[in-house]
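Residue numbers in the sequence shown follow this note's numbering, run continuously in steps of one, and reach 216 at the last position. Glycine included, C-beta positions come from ideal geometry on N, C-alpha and C. Just so we're clear, the structure is a prediction, and the values are computed from it rather than from any experiment. Everything on this sheet refers to the single structure shown next.
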Amino acid sequence: MSKSDDDRLRSAWAKQTDQSLDVDLANAEASVRRRRTEIARRDRRVYVSIAIIGPSWLYATWFMPDLRLASVTGLFIAVWLTWQMHQRSGARLLSPPVDLPCLAFQRALLERERDLAVSLPKWYLVPVVVGQLAIAVTMATSPRFTTSQFYPEGLVLFVATAGVALVVIWRRWQRQARELQRELEAISVSWSASS
């Protein structure tokens with residue numbers, strides 16, 4: 022990109038089209054870049070997880086018929102969660118066109134990520150709880166587990182660990198939703214203060 026193109030882009034991003042806003046362009050751009058990097062990293066972890074978990078569930082479905090309830094349920098849930106993350110992620114927000122103000126794009130990105138975190142119980146926790154129940158039922162009915170001398174302790178340990186993990190995930194996403202909301206409010210305050 023030539024120097025004049027770069028200056029034109031910076032000028033377009035610094036200039037807020039519907040309000041004149043005193044924006045530190047470098048900080049706003051760095052914030053958007055940092056947020057998009059975090060989102061991309063999170064999404065890559067989800068995609069790598071499905072690439073590992075999916076074949077494992079397929080293998081269990083095909084070669085371990087006594088685990089079929091848990092493996093088929095797990096496979097469907099893994100595909101569902103990956104699809105939901107793909108659809109809801111801020112990464113799906115297109116790159117800003119040159120004429121879109123930087124803060125407007127930053128606000129749209131934060132709103133999308135906040136909505137992702139707020140809607141977590143609907144699209145994430147409910148299916149994962151169903152999957153954990155399928156695993157617990159499989160453990161309770163499969164001779165592979167019920168004949169083990171450590172069966173009762175293993176089942177209790179699995180249920181307790183899964184429950185704690187789900188609560189930790191839920192609280193973490195709630196905290197993230199609150200942090201994103203605070204960032205949005207800060208942008209709104211600076212937006213309205215300068216108009």
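Residue interval of the alpha helix (DSSP H) (run including residue i)
| i | result |
| --- | --- |
| alanine 138 | 123-139 |
| methionine 106 | 89-109 |
Beta-carbon gap between residue i and residue j smaller than 8 Å
| i | j | result |
| --- | --- | --- |
| proline 148 | leucine 102 | yes |
| isoleucine 98 | valine 151 | yes |
| tryptophan 191 | leucine 146 | yes |
| phenylalanine 126 | valine 53 | yes |
| leucine 217 | tryptophan 194 | Absent from the structure is residue 217, since the part of the chain shown begins at 22 and ends at 216. |
| glutamate 59 | cysteine 123 | no |
| glutamine 153 | alanine 181 | no |
| threonine 94 | alanine 186 | no |
Integer Cβ distance of residue i from residue j, believed to fall under 8 Å
| i | j | result |
| --- | --- | --- |
| leucine 205 | arginine 128 | 6 Å |
| serine 92 | aspartate 64 | No, serine 92 and aspartate 64 are not in contact; Cβ-Cβ is about 25 Å, not under 8 Å. |
| threonine 106 | valine 67 | Per the sequence shown, residue 106 should be read as methionine rather than threonine. Sure, about 5 Å apart at Cβ, within 8 Å. |
8 Å Cβ cutoff, residue i in contact with chain B
| i | result |
| --- | --- |
| serine 92 | Judged by its chain identifiers, the structure shown contains no chain B, having just a single protein chain. |
*With contact counted as at least three CB pairs below 8 Å, one residue from each stretch, are the segment 129-149 and the segment 196-203 in contact?*
By the criterion of at least three beta-carbon pairs nearer than 8 Å, the segment 129-149 is in contact with the segment 196-203.
*asked:* I'd like to know if the segment 162-175 and the segment 77-91 are in contact, where contact means that at least 3 CB-CB pairs between them fall below 8 Å.
replied: Cβ pair count under 8 Å is three or more, so yes.
*Whole runs of the alpha helix (DSSP H) within the segment 151-179, excluding any shorter than 4 residues*: Here the runs fully enclosed are 164-167.
*Could you give the uninterrupted runs of the beta strand (DSSP E) lying entirely in the segment 49-82, keeping only those of 3 residues or more?*
Taking 3 residues as the minimum length, the segment 49-82 contains no beta strand (DSSP E) run wholly inside it.
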